[in-house]
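Below is one structure, written out as structure tokens; the observations come after it.
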Amino acid sequence: MQENLKLAIQKKGRLTEKTIELLKNCGLEIENYSDRLMVPARNFPIDLIFLRDDDIPEYVQDGVTDIGIVGENVLFEKNTNVELVFKLGYSKCKLTIAVPEANDYNSISELNGKRIATSYPVILKNFLNKNKIDAKIIDISGSVEVAPSLGISDLICDIVSTGNTLRLHKLKPFIDIFNSEAVLIKNSSLANNSYKQDILNKLLLRIESAIKAKKSKYIMMNIPKESLDIVSNIIPSLKSPTILPLADESMLAVHAVIPSDQFWKINDQLKDAGASGILLIPIENMIL
Ligand code: ATP
Ligand code: MG
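Numbering (our numbering), first residue to last: 79 to 366.
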């Protein structure tokens, strides 16, 4: 029997929940995985391997696992020989250089001669080199934001989302240096194994359809017959909408798939065009 495709995902952290949700949206049945290193999917030839995110690029590079899901920040930082297959669109975050609230920094040249604490020395070094800045990188593995108050560094470079942690430590964002999202990576010689490559292709189809489905909604409404042209122009439909007759012959039912983020924008226009009974329904999967 052939071996399952091995997929490394983060054991416990900011990538885990969304990754498991994505895999479930792809139809994978995953057993309870707490405290287990490896869990096979019940209905798809894939084994999930649960690891610390830092280890994933290297494991994929060395073929310990065939594919993996990590943040682009970790992928870039680890500088391994793996292939980026697909950007997954979740766990978006950015690496930011933050400065003490009390200091005014106006240009990046003011970073010259400063000590910058970070857990991402490779990404930071790359940014500093590109901008010809000569600063000292202090490589620390966690709680980077306390470094300035401990006198270890002047500035920090860390993942910032809301900025609350920065404020708590009397720091403020100065410049964003890297944008990240979760990505699917693969071992660079996986294509030589046609059985596993085939499983990956099937998984990718499912991932693409699950992501598309999440970005789309099914809209249904009733409209006066004479508004059909106006309504058709308002709906940013993927394909032409479905038009159905109603018992009341002066009315029509219109169904269409629309991008989720357009709903509120078109809702008012639809109402002005006489649409009523507007329903917006989530789509579980979408194969185009
Ligand atoms: P591990 O124990 O596995 O090493 P970790 O503490 O290094 O975990 P997490 O904090 O769980 O890592 O973050 C994992 C990844 O999630 C980060 O590398 C980044 O890509 C992404 N991430 C981090 N912070 C955020 C955030 N605030 N919002 C969205 N995504 C984030
Ligand atoms: Mg980590």
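By construction, the Cβ of each residue, glycine as well, lies at the ideal position given by its N, Cα and C atoms.
Same chain, Cβ closer than 7 Å to residue i, neighbours up to 5 away in sequence not counted
{"i": "Glu150", "result": "Ser258, Glu259, Val261"}
{"i": "Lys293", "result": "Pro337, Ser338"}
{"i": "Thr158", "result": "Pro135, Glu136, Gln139"}
{"i": "Pro360", "result": "Lys295"}
{"i": "Gly241", "result": "Pro251"}
{"i": "Ala269", "result": "Gln275"}
{"i": "Val273", "result": "The sequence shown places Tyr at residue 273, not Val. Excluding positions up to five away in sequence, the list reads Gln80."}
{"i": "Ser169", "result": "Arg92, Leu93, Lys96, Gly149, Glu259, Ala260"}
{"i": "Ile186", "result": "Asn209, Ile211, Ile253"}
Cβ neighbours of residue i in the same chain (closer than 8 Å, five flanking residues each side left out)
{"i": "Ser221", "result": "none"}
{"i": "Asn345", "result": "Ile356"}
{"i": "Ile234", "result": "Ile175, Ala176, Ile194, Ala195, Thr196, Val222, Glu223, Ala225, Pro226, Leu249"}
{"i": "Glu121", "result": "Here residue 121 turns out to be Asn, not Glu, going by the sequence shown. Counting only Cβ-Cβ distances below 8 Å, and skipping sequence neighbours, we find Gly105, Leu106, Glu107."}
{"i": "Lys367", "result": "This structure gives no information on residue 367, because the portion of the chain shown stretches from 79 to 366."}
{"i": "Leu244", "result": "Ala176, Glu223, Val238, Lys250, Pro251"}
{"i": "Lys89", "result": "Phe128, Leu129, Arg130"}
Identified DSSP bridge partners for residue i
{"i": "Gln88", "result": "Leu129"}
{"i": "Asn265", "result": "Val160"}
{"i": "Asn217", "result": "Position check: residue 217 holds Asp in this sequence, whereas Asn was assumed. DSSP output for Asp217 lists Thr196 as bridge partner(s)."}
{"i": "Ile359", "result": "Tyr296"}
{"i": "Lys303", "result": "Paired residues: none, contrary to the question."}
{"i": "Pro251", "result": "Ala176"}
{"i": "Val222", "result": "Answer is none; Val222 lacks a bridge partner."}
{"i": "Ile234", "result": "Ala176, Ala195"}
{"i": "Leu83", "result": "Ile124"}
{"i": "Ile336", "result": "Lys295"}
{"i": "Ser239", "result": "DSSP output for Ser239 lists no bridge partner at all."}
Minimum C-alpha distance to residue i - residue among the options
{"i": "Gln275", "options": "Gly91, Thr320, Ile145, Leu246", "result": "Ile145"}
{"i": "Asp232", "options": "Pro319, Leu324, Phe252, Asn271", "result": "Phe252"}
{"i": "Cys171", "options": "Asp113, Glu327, Thr320, Ile255", "result": "Ile255"}
{"i": "Leu366", "options": "Glu155, Ser287, Ile230", "result": "Ser287"}
{"i": "Ile124", "options": "Glu109, Gln88, Leu83", "result": "Leu83"}
{"i": "Phe341", "options": "Gly352, Ser315, Pro323", "result": "Ser315"}
{"i": "Ser328", "options": "Ile321, Gln347, Asp131, Pro302", "result": "Pro302"}
{"i": "Val335", "options": "Leu358, Ile98, Asp350", "result": "Leu358"}
{"i": "Val200", "options": "His247, Phe154, Glu95, Val163", "result": "Phe154"}
{"i": "Leu173", "options": "Ile285, Leu202, Arg284", "result": "Leu202"}
{"i": "Ala180", "options": "Leu101, His247, Leu282", "result": "His247"}
{"i": "Ala331", "options": "Ile127, Asn300, Asn271", "result": "Asn300"}
{"i": "Thr320", "options": "Ile297, Asp326, Ser267, Asn279", "result": "Ile297"}
{"i": "Pro118", "options": "Leu85, Pro323, Gly91", "result": "Leu85"}
{"i": "Ala291", "options": "Lys343, Leu324, Met364", "result": "Met364"}
{"i": "Asp307", "options": "Asp326, Arg92, Gln347", "result": "Gln347"}
{"i": "Val160", "options": "Ser267, Leu100, Arg284", "result": "Ser267"}
{"i": "Leu166", "options": "Asn204, Leu101, Asp217", "result": "Leu101"}
Simplified DSSP assignment, three categories, for residue i
{"i": "Phe341", "result": "helix"}
{"i": "Leu100", "result": "helix"}
{"i": "Ser258", "result": "strand"}
{"i": "Asp212", "result": "coil"}
{"i": "Thr320", "result": "strand"}
{"i": "Ala119", "result": "strand"}
{"i": "Ile365", "result": "coil"}
{"i": "Leu93", "result": "coil"}
{"i": "Ala331", "result": "strand"}
{"i": "Ser315", "result": "coil"}
{"i": "Ser112", "result": "coil"}
{"i": "Ser354", "result": "strand"}
{"i": "Ala288", "result": "helix"}
{"i": "Leu403", "result": "Nothing about residue 403 can be reported from this structure: the residues present for the chain run from 79 to 366 only."}
Proximal residues to residue i (C-beta, below 6 Å), its chain only, five neighbours per side dropped
{"i": "Phe164", "result": "Leu262"}
{"i": "Ile211", "result": "Leu189, Asn190"}
{"i": "Ala41", "result": "Residue 41 lies beyond the range of the chain shown here (79 to 366); nothing can be said about it."}
{"i": "Ala213", "result": "Leu189, Lys192, Ile194, Leu206"}
{"i": "Asn103", "result": "Ala288"}
{"i": "Lys156", "result": "Pro135"}
**Asked** Whole beta strand (DSSP E) runs in the stretch 143–176 with 3 or more residues, listed along the chain?
**Response** You should have 145–149, 160–165.
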